[in-house]
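J.:
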Amino acid sequence: MRRWGIRKKVLVVTLVPTLLTTVVLGLFFTYSWVNNIEHLLRDRGESLSRQLASASEYGLFTANRGLLSSLSNALLEEQDVRSITFYGSDSKRLLHTGPGSSESPDGTDLPSGKATRITDGTSTRFITPVYLQDLMIETMLDPDLHQSMANRKDPLGWVSVEMSHVRTEKETYKAMLISLLLVLGGVLVSLAIALRLSRAFTDPVFELNEAVAKLKEGKLDTRVYTGAGPEFEQLESGLNDMASELSKAQAEMQQNIDQATEDLRETLETIEIQNIELDFARKEALEASRIKSEFLANMSHEIRTPLNGIIGFTELLLKSPLPRQQRDHLNTIRKSSEILLTIINDILDFSKIEAGKLILDRVPFQLRDIIEEVMVMLAPAAHAKNLDLAPLVYNDVPDNVMGDPLRVKQVITNLVNNAIKFTQTGEVVLRVSLEEEDTENNRVTLRISITDSGVGLSRAQQQSLFNAFSQADASTARQYGGTGLGLAISKRLVEEMGGKIGLESELGKGSTFWFTLNSELSTSNDAVTPRDALRGERVIYLEQQKTTGLAVEHMLRDWGMEVDRASSPAAMQEQIEEAQKSQAGYAVAIIGITRHLLSSSQYGNLVRTLEVDRDCRTLLLTPTLETHDAAMSGQASGHLTKPVCRATLYDELLLLVHGIHTGGRAPGRPAPSTIQAFRHNVPRVLAVDDNEANLKLVMTLLHDCQIEAEGACNGFEALSKARQAPFDLVFMDLQMPGMDGVETTARIRELDSGNHRTHIIALTAHALADEQDRLAQQGFDGYMAKPISSSQLTAIIRESTGYEPGESGSGERIPEVRDTRRVLRPSTRKMQKDCVSVEESIQLAAGKTDLAEELFSMLLEQLPADLEKIEALWTEQEMEPLLECVHKFHGATRYCGVPELRSAANQLETALKRGAADIEAHKNQLVSAIERLQIWSEQTDWQQLFREQPHPEETTS
0 MRRWGIRKKV
10 LVVTLVPTLL
20 TTVVLGLFFT
30 YSWVNNIEHL
40 LRDRGESLSR
50 QLASASEYGL
60 FTANRGLLSS
70 LSNALLEEQD
80 VRSITFYGSD
90 SKRLLHTGPG
100 SSESPDGTDL
110 PSGKATRITD
120 GTSTRFITPV
130 YLQDLMIETM
140 LDPDLHQSMA
150 NRKDPLGWVS
160 VEMSHVRTEK
170 ETYKAMLISL
180 LLVLGGVLVS
190 LAIALRLSRA
200 FTDPVFELNE
210 AVAKLKEGKL
220 DTRVYTGAGP
230 EFEQLESGLN
240 DMASELSKAQ
250 AEMQQNIDQA
260 TEDLRETLET
270 IEIQNIELDF
280 ARKEALEASR
290 IKSEFLANMS
300 HEIRTPLNGI
310 IGFTELLLKS
320 PLPRQQRDHL
330 NTIRKSSEIL
340 LTIINDILDF
350 SKIEAGKLIL
360 DRVPFQLRDI
370 IEEVMVMLAP
380 AAHAKNLDLA
390 PLVYNDVPDN
400 VMGDPLRVKQ
410 VITNLVNNAI
420 KFTQTGEVVL
430 RVSLEEEDTE
440 NNRVTLRISI
450 TDSGVGLSRA
460 QQQSLFNAFS
470 QADASTARQY
480 GGTGLGLAIS
490 KRLVEEMGGK
500 IGLESELGKG
510 STFWFTLNSE
520 LSTSNDAVTP
530 RDALRGERVI
540 YLEQQKTTGL
550 AVEHMLRDWG
560 MEVDRASSPA
570 AMQEQIEEAQ
580 KSQAGYAVAI
590 IGITRHLLSS
600 SQYGNLVRTL
610 EVDRDCRTLL
620 LTPTLETHDA
630 AMSGQASGHL
640 TKPVCRATLY
650 DELLLLVHGI
660 HTGGRAPGRP
670 APSTIQAFRH
680 NVPRVLAVDD
690 NEANLKLVMT
700 LLHDCQIEAE
710 GACNGFEALS
720 KARQAPFDLV
730 FMDLQMPGMD
740 GVETTARIRE
750 LDSGNHRTHI
760 IALTAHALAD
770 EQDRLAQQGF
780 DGYMAKPISS
790 SQLTAIIRES
800 TGYEPGESGS
810 GERIPEVRDT
820 RRVLRPSTRK
830 MQKDCVSVEE
840 SIQLAAGKTD
850 LAEELFSMLL
860 EQLPADLEKI
870 EALWTEQEME
880 PLLECVHKFH
890 GATRYCGVPE
900 LRSAANQLET
910 ALKRGAADIE
920 AHKNQLVSAI
930 ERLQIWSEQT
940 DWQQLFREQP
950 HPEETTS
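In structure tokens, the structure reads:
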């Protein structure tokens, strides 16, 4: 009903009650009328039947048919009487008057004591018994007869009056017809009233709706007058007033629009003039930007050219013998030049970013290798300040990712270097964690954070820190230098790579710089060698720097090793002794020391005790300093600098635990298949540069590599020399007067033949033209940026020609790289006898200290020869001479306090005599004992130990 209109609602409300009421009343009155007609017919029939029974008493008593016939004829005149029938006392019909031939009912059907009626389809018969009454004369005259008649109970007969239903049915139909007409009349009247009322409501509403529709169409002159009553009058008045106000508002708005249009037209004319001016200004700005780019490129060349000479010749001078003071001055010049070069690089990188010429590579790289390279590169600066520099890369971080490794490395280097610069004490920690992983698209989001314990930053400093040329301390008395571009460049690089960068800092409590790296996972199928050769090995680790210890322990456990931490040197020694007593010693003892512990006697004694007395291999982890305790590192079996790299640590542990040397070519050297074969042992090299200092530097560096190179100061001279004889390698400067490097390269390429192709390397300091793809398209085989170092030059020569520059007068091809380190003996896992007992030596010499020292010295002198002889006899499998040699050696050990060596010789001699199957194991045990005794003698002042023993006479006194 909510969706019904007003008309429908009015009709329903009006008609439904009226219709229901009319129908109910019509039914009621029709039913009452029909019942009354039926009751009247019944009452009339019963009344006529009783009257006829009283009148016919005498006729029935006397059986006078004439009298009965006259009574029936008189009664047939009554309305609705159809027929009259008289029955005798024997239930036989005496007389029938009227239409039809009604048959007498059976005696059982005639009532005996009361009147009854029988109804069929068209009529109703009223049957009344007739009894003898006292009013008769005979009974009155004859009392006996009266008495006899009074005693009779049977009726004299019966009277039947048949009443017709024809008129009754007509009256019934008449009543129903009248009721129906009344009902229809009432409904029609109600419908007319309802329609009239609904129109009284709906017509004004329709008029109002029509008026609103016209107003909606914009016909604001529309007015509505319905005359439907006071309620609608208020609505009409409101609608008319609204239309009037809208008309006024439209007029006012049109006026404002006209005014605004006029103003806009004037503004558009002004904007058109400004656009023309802006177009001119834009062209001027583009031209200025182009001029700035060219200026930066030229300034890059002009600034790097003298720097190239300064740095190059400084390195050449440092290779020559110089007094210490001059060497310090040259180091200062070199460091200052490198700082200036870093500043120039920052400015030029920022200019490339601002010019929109920064192109990011998309190549697969290993993130952990990038981080380790940065850590190793910046470790000296951190360790010089006694800072703990440690990388923490979580296990769920993928290693093979896609991106620009150089730019990622640049951002990490800037942030770590910045943290080291502003941290005086404490640590700098780099953490890499997996922030989000999208397996469907094969993408990850990594979070790289650098946390330091430095000076921290205030909120004001944090807000402007990532702005260009902005520094935390910009005063003239500032403590830290720099251009203020490092963080700005890092921010732009991170944003170009699709990440975010930020910091969290509190003044005086350090800072945390972080950035996110959105990258795809590399799908390359490069085989990764599993590092599981150390799985299950036990190591003990002593470290004073907590974060470094956590990083190293994390790597060790990732390789499946069991790591036990020691809190102090004494605790480490005690743990190792207890482990050997339980026959489960450690494979390696890792000892991490800081700068102030490099000359610690406690740690030196610990290394010597573990290596000599406990026969446990030790690995030292020390800071990367220019000067360190060489003696301590020489005593240990292995030595690495912090922060440790995964591959280096794994290879060193593999050597210390299993004695396995890792093979492979030297880093950076090409595979033999990529090396070009030349007709000459030494390749022909041409250096082309218009700057005399740069050309002289390149020629000097080439001469130091034992290569007799030729030089050219311009493109024409270089082309002339190339036409005379082909060169194997050409170092080509790009910017030269007359014919530049690109044109000269194109001319030289025309001289190449199918049997020879010249390798051309671009030499340039052009900051905005260093894209390797474009150089490759222009015919260059490689690229080397100025300033040039000897290591860069050597690597280029090696990669391009396969020639290995040497210092012995003639170069040589790439040799195989072999590890010349001696084979190390694995750690002893079980408790063993002492290597040397001075007290036992003196007892065996009858208490004579001098004799004990002499016997021990004789044994040490004989050890190398005996060891060589034992190894030779074992190699030739001459068991009889070997047994004789071991027997003699065993006898020599009986006179000296060498329990371990004596036991090993005894076991080998016994095995040889019995022909046991484990002879080789006993031989190796003897060799290990001899080597251990030799090491002990080299690292111990044993003569002083013998002389410090009390003399027997002193003991007895």
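Using numbering that gives the first Met the number 0, you'd call the opening residue of the sequence shown number 0 and step up by one each time.
Glycine residues also receive a C-beta, built at the ideal position from the N, C-alpha and C atoms.
#1: Exposed or buried, which one is Val165 when buried takes at least 16 other CB atoms within 10 Å?
#2: Would Lys384 and Thr422 be called neighbours here (beta carbons separated by less than 9 Å)?
#3: Taking the alpha-carbon of Gly710 as reference, which of Thr699, Ala565, Met401 has the nearest alpha-carbon?
#4: Going by beta carbon distance, what residues of the same chain come within less than 8 Å of Val684, once the five residues before and after it are set aside?
#5: What residue does the beta strand (DSSP E) around Thr546 start on, and which one ends it?
#6: Answer yes or no: do Gln933 and Leu882 have a C-beta to C-beta separation smaller than 9 Å?
#7: Just the Cα atoms here: how many angstroms apart are Phe514 and Ala928?
#8: Which term fits Trp935, buried or exposed, when burial requires 16 or more other beta carbons within 10 angstroms of its beta carbon?
#9: Runs of 4 residues minimum, wholly inside the region 689-737: which ones carry the alpha helix (DSSP H) assignment?
#10: With the cut-off set at 9 Å, would you say Ser826 and Ala565 are in Cβ contact?
#11: Ile539 and Met571 look like a contact to me (Cβ under 8 Å); what is the Cβ gap, rounded to whole Å?
#12: Comparing C-alpha positions only, which one of Ala845, Leu155, Glu919 sits nearest to Thr61?
#13: Assuming Gly44 contacts Phe125 (C-beta within less than 8 Å), just tell me the rounded distance between them.
#14: Smallest Cα separation from Ile787: which of Asp780, Ala761, Glu798, Leu774?
#15: Check whether the region 362-369 and the region 398-405 touch, using three or more Cβ-Cβ pairs below 8 Å as the test.
#16: Beta-carbon within less than 6 Å of Val687's beta-carbon, same chain only, minus the 5 sequence neighbours each way: which residues are those?
#17: Can you list, in chain order, the stretches of the alpha helix (DSSP H) that have 4 or more residues and sit fully within the region 9-61?
#18: Classify Pro320: buried if its beta carbon has 16 or more other beta carbons within 10 angstroms, exposed otherwise.
#19: Work out the CA separation of Asp780 and Gly497 for me, nearest whole Å.
#20: Whose C-alpha, out of Cys884, Ile759, Lys847, is nearest the C-alpha of Arg1002?
#21: What is the rounded straight-line gap between the Cα of Lys215 and the Cα of Thr225?
#22: Buried or exposed: which applies to Ile966, given that a residue is buried once 16 or more other Cβ atoms fall within 10 Å of its Cβ?
#23: Less than 9 Å between the C-beta atoms of Leu866 and Leu900, yes or no?
#24: Does the separation of the CB atoms of Glu495 and Ile369 fall below 9 Å?
#25: Can you give me the C-alpha to C-alpha distance between Glu853 and Glu651, rounded to a whole angstrom?
#26: Specify the secondary structure class of Ile592 as computed by DSSP and reduced to three states.
#27: Report yes if the CB atom of Gly548 is closer than 9 Å to the CB atom of Gly485, and no otherwise.
#28: With the cut-off set at 9 Å, would you say Val897 and Leu850 are in Cβ contact?
#29: If Ala193 sits next to Leu10, beta carbons under 8 Å apart, how far is it from one beta carbon to the other, in whole angstroms?
#30: Between Val211, Ile177, Ile310, Lys91, which lies nearest to Lys785 when the distance is taken from Cα to Cα?
#31: Count the other CB atoms, across all protein chains shown, that sit within 10 Å of the CB of Ile272; report buried if there are 16 or more and exposed otherwise.
#32: Using 9 Å as the threshold, is the C-beta distance between Arg607 and Thr939 below it?
#33: When DSSP labels each residue in this structure, what does Phe312 get in the three-state scheme?
#34: Based on the DSSP output, what are the partners of Gly402 in its beta bridges?
#35: So what does DSSP say about His755, is it helix, strand or coil?
#36: On a Cα-Cα basis, can you pick out the residue from Lys887, Met738, Val643 that is closest to Ser719?
T.: Quick look at the numbers:
#1: Answer is exposed; the Cβ neighbour count stays below 16.
#2: Result yes, Cβ atoms of Lys384 and Thr422 sit closer than 9 Å.
#3: Taking only the C-alpha atoms, the option nearest Gly710 is Thr699.
#4: Around Val684: Leu701, Ile706, Ala708, Glu709, Phe726, Asp727, Leu728, Val729, Phe730, Ile796.
#5: Run containing Thr546: none in the beta strand (DSSP E); it sits in the alpha helix (DSSP H), 545-557.
#6: No.
#7: Approximately 55 Å, taken between the alpha carbons.
#8: Buried, by the Cβ-count rule.
#9: Entirely contained in the region 689-737, the alpha helix (DSSP H) runs reaching 4 residues are, in chain order, 691-703, 714-723.
#10: Taking 9 Å as the Cβ cut-off, Ser826 and Ala565 do not qualify as a contacting pair.
#11: Right, their Cβ atoms sit about 6 Å apart.
#12: Among Ala845, Leu155, Glu919, the Cα nearest to that of Thr61 belongs to Leu155.
#13: Right, the Cβ-Cβ distance comes to about 4 Å (below 8 Å), so this counts as a contact.
#14: Of the candidates Asp780, Ala761, Glu798, Leu774, the one whose C-alpha sits nearest the C-alpha of Ile787 is Ala761.
#15: Counting C-beta pairs with one atom in each stretch, the region 362-369 and the region 398-405 have three or more that are closer than 8 Å, which means they touch.
#16: Correct list, in chain order: Ala711, Ala717, Met731, Asp732.
#17: If one requires a minimum length of 4 residues, the alpha helix (DSSP H) runs lying completely within the region 9-61 are 56-61, in chain order.
#18: Pro320 comes out exposed.
#19: Using only the alpha carbons, I get a separation of about 32 Å.
#20: No statement about residue 1002 is possible, as the shown extent of the chain runs from 0 to 956 and does not include it.
#21: Approximately 19 Å, taken between the alpha carbons.
#22: Given a span of 0 to 956 for the chain in the structure shown, any question on residue 966 remains unanswerable.
#23: No, Cβ-Cβ distance for Leu866 and Leu900 is not below 9 Å.
#24: Taking the C-beta atoms as reference points, Ile369 is found no nearer than 9 Å to Glu495.
#25: Note on geometry: alpha-carbon atoms of Glu853 and Glu651 lie some 39 Å from one another.
#26: Note: Ile592 maps to coil in three-state DSSP.
#27: No.
#28: With a cutoff of 9 Å on beta-carbon distance, Val897 and Leu850 are scored as not near each other.
#29: The Cβ separation is near 5 Å, so the contact holds.
#30: Comparing alpha-carbon positions, the option among Val211, Ile177, Ile310, Lys91 lying closest to Lys785 turns out to be Ile310.
#31: Ile272 should be labelled exposed.
#32: The answer is yes: Cβ separation under 9 Å.
#33: Correct three-state label for Phe312: helix.
#34: Answer is Val362.
#35: His755: coil per DSSP, three-state reduction.
#36: The shortest C-alpha separation from Ser719 is found at Met738.
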